[in-house]
Every structure is written in structure tokens, then in C-alpha cells.
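Residue numbers (UniProt numbering): 1 to 291.
Virtual Cβ for every residue (Gly too), placed ideally from N, Cα, C.
First comes the structure, then the notes that go with it.
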Amino acid sequence: DMDIGGDAPPLLEAIRQGNHRAVNSLIAHGAKPHFLHAAVDVAPKSIIEQLLKAQANPLQEDPEGKSVLDVAFNRGDEEITTLLRDFIGDLERRNVNGQQNSEVRRFTASVHTSSLTSDATTGGETMDEDNTLGLSTQFQKQQTGTSQHRQNSNGDDSGGSKARRRFSLAGGAGGQNMLGSRTQQMPQKGTTAFGTIINLDDPNAGPWRRAFNERFTRLQNFCRRLNRSKNFQFVMFAALLVVLFFPDLWVVCDMEGNNGLDIVLIVVLLLFLTELIVQTLGFFKTYVNSF
């Protein structure tokens with residue numbers, strides 16, 4: 001059974017390591033395309049595309065009630081968020097036009113159920129339907145509460161509505177143009193019941209480029225795991241406290257000589273440089289573009 005492993009199923013472990021070849025091989029040999037939440041959280045976009053091509057459910061929620069789009073928003077990667085929204089929008093468009101099979105209709109039916117549930121629990125004050133597509137009810141409630149808080153603070157609705165990020169359904173002209181532009185930019189692999197899937201392998205990339213991408217993906221995943229480690233966070237928090245208060249404490253205590261202080265400050269500087277490298281490699285687009 002390809003879905004049973006030791007500490008973790010083989011597909012989940014391959015996703016965590018960013019091993020695209022292993023993910024392809026496992027799915028080709030019968031592994032079910034689960035763990036889309038884990039892929040959206042840590043894996044590169046190519047692995048997410050491969051799971052979607054294998055008909056992973058983009059509307060399923062995890063035990064905490066989070067959808068894959070919730071995870072994508074928390075990750076902060078615009079390309080992955082756009083990929084998922086385009087894909088879910090294409091599902092909705094096909095559902096409206098009656099082009100889907102029964103299994104796909106079952107997936108997209110949860111979109112309307114989630115919208116109705118959110119509307120009933122918030123007294124009609126909901127986000128627009130094109131903004132809620134693929135989002136969990138819990139996330140919608142949080143966004144609605146944030147929007148209402150902004151309206152109460154600003155005194156009008158214009159600021160909050162302008163700040164929202166618009167997403168047109170693929171059934172409309174805007175959505176069709178958006179999906180069409182994406183499929184024209186990249187070579188197509190083929191189509192499934194879920195829509196058009198982008199080719200994951202660039203034919204122009206040489207062996208050295210593929211090897212570099214695989215190693216960089218592994219390094220990026222390691223940096224992300226390190227950044228989420230509680231031990232790493234504790235060390236960096238301790239370094240922050242040291243650099244803020246230790247020099248003043250050194251002067252107050254009237255310590256003789258500054259050699260010890262210099263050594264401590266150099267260690268703190270090296271720790272901060274380490275954190276900068278980890279953040280830059282692990283979250284390149286979101287961290288670098290945040291400046």
C-alpha cells in the first residue's frame with residue numbers, strides 16, 4: 001500500500017522534502033493525492049501542480065477547519081495563492097456549465113454550502129462570493145470581523161472595500177482571461193476532469209539547472225523547518241534580549257574590560273546574520289519583497 005509508511009506516509013515525506021521526482025513516482029504507482037495542505041505549506045509550486053493534476057481535492061478542510069487557500073494566505077506566496085484560486089475558479093466555472101463529473105460536483109458543492117453557512121452565522125454581513133471561493137468558513141468569519149472592525153474605526157465602508165483583494169470567478173470574462181493568460185505563458189501538459197494542468201518540466205532546463213533546483217528546494221525546506229523550530233525561535237529571542245539589555249547591564253555593573261562584552265555582541269551578530277540567511281532562503285519572495 002503506497003499510502004502507509006512508518007512515522008509518515010511516503011507521499012507526505014516526499015512533499016516535506018520537496019522531492020518532485022518521488023512525488024511523481026508515488027502518484028504514478030497508485031499513491032492517493034492527499035496532503036495538499038502540507039504541500040501548500042512547505043512544498044514548491046511544481047509539487048502543488050502535480051497534486052492538482054492527480055485530482056487532489058482543493059476544497060477539503062483539515063481537522064482544524066482550514067482550507068488550502070487559508071494555508072496559502074498564511075504562507076504568503078502570491079504565485080501559489082493565484083494558482084489555487086485559478087484552479088478552484090475553473091472548477092466552479094465547469095460546475096456552472098455542467099462540464100464536470102459527479103465527483104468534481106461534490107467538491108465544488110462545498111463552496112456554496114460554506115457561503116450559505118457563513119451568511120447565516122454572520123447575519124448577512126459576508127465577504128463577496130468571488131472573494132470567498134475556496135476559503136474556509138472560519139477564515140471568512142475572521143475576514144468579516146476584521147472588515148467590520150475597520151468600518152467601525154474609519155466610519156465608512158469605502159476604505160475596507162478598497163483594501164480587499166478582488167477575485168473574479170472563472171465563469172466570468174475576467175476569470176476566463178486570467179486562466180487563459182496563465183495557460184498561454186506555460187506549456188500545457190494536458191487536461192483532466194479538473195481542468196488544464198501546467199507542464200511541470202521545463203524542456204529548456206539542462207541537467208545542471210534541475211539538479212540546482214532540487215538542492216535549492218531541499219535547502220529552502222530545511223530553512224523553513226528551522227524557522228518553525230521552537231528552539232531556534234527561543235535562541236533568537238534570547239539574542240534579542242541580550243543585545244537590548246546586556247550592554248547597559250555591563251555598564252551598570254561596572255565590569256572591568258570589554259573583551260567579554262565584545263565576544264557576546266559578536267555572537268549575537270552572527271546569530272542575527274544566520275536568521276537573515278534562513279529567512280531569505282526559506283521565504284525569499286515574501287521576506288525580501290516585504291522591505
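Apart from sequence neighbours up to five positions away, the residues of its chain that approach G282 with a beta-carbon distance below 7 angstroms are Q220, C223, R224 and N227, ordered along the chain.
Cβ atoms of L59 and A38 stay farther apart than 8 angstroms, at about 16 angstroms. Distance from the Cα of L52 is smallest, within the candidate group I27, R75, P63 and A211, for I27. DSSP places K230 in the uninterrupted alpha helix (DSSP H) bounded by K230 to V252.
Separation of I263 and D90 (C-alpha to C-alpha, rounded to the nearest whole angstrom) is 58 angstroms. Contact check between the segment 265-276 and the segment 229-246: three or more CB pairs, one atom from each, fall below 8 angstroms, which counts as touching.
The DSSP-derived three-state label of E256 is coil. Around the beta carbon of V71, 16 or more other beta carbons sit within 10 angstroms, so the residue counts as buried. Of the candidates Q233, R21, I80 and R215, the residue whose Cα lies closest to the Cα of I48 is I80.
Burial state of G18 is buried, judged by a 10 Å Cβ sphere holding 16 or more other Cβ atoms.
Put simply, of R94, V68 and V23 the residue whose alpha carbon is nearest the alpha carbon of T82 is V68.
Taking the C-beta atoms as reference points, Q50 is found nearer than 9 angstroms to V23. Secondary structure of H29 (DSSP, three-state): coil.
Here P58 carries a coil assignment [DSSP, helix/strand/coil].
The closest CA to that of I15, considering only A211, K45 and H29, is found on K45. At the C-beta level, L84 and V42 stay beyond 9 angstroms of one another. Within 10 angstroms of the beta-carbon of T217 lie 16 or more other beta-carbons, which makes it buried. Beyond the five residues adjoining it in sequence on each side, F232 comes within less than 7 angstroms, by CB distance, of L226 in the same chain, given in chain order.
The Cβ atoms of N259 and W250 do not sit closer than 9 angstroms to each other.
If you draw a straight line from the Cα of E92 to the Cα of N57, it comes to about 13 angstroms.
Between N213 and V278, the alpha-carbon positions lie close to 17 angstroms from each other. Spanning the alpha carbons of D62 and R75 requires a straight line of approximately 16 angstroms.
With 16 or more other Cβ atoms inside 10 Å of its own Cβ, H20 counts as buried. A residue is called buried when at least 16 other Cβ atoms come within 10 angstroms of its Cβ; F35 meets this threshold and is buried.
The three-state secondary structure of N24, taken from DSSP, is helix. By the criterion of a C-beta distance shorter than 7 angstroms, F73 is surrounded in its chain by T81, once the five residues flanking it on both sides are discounted.
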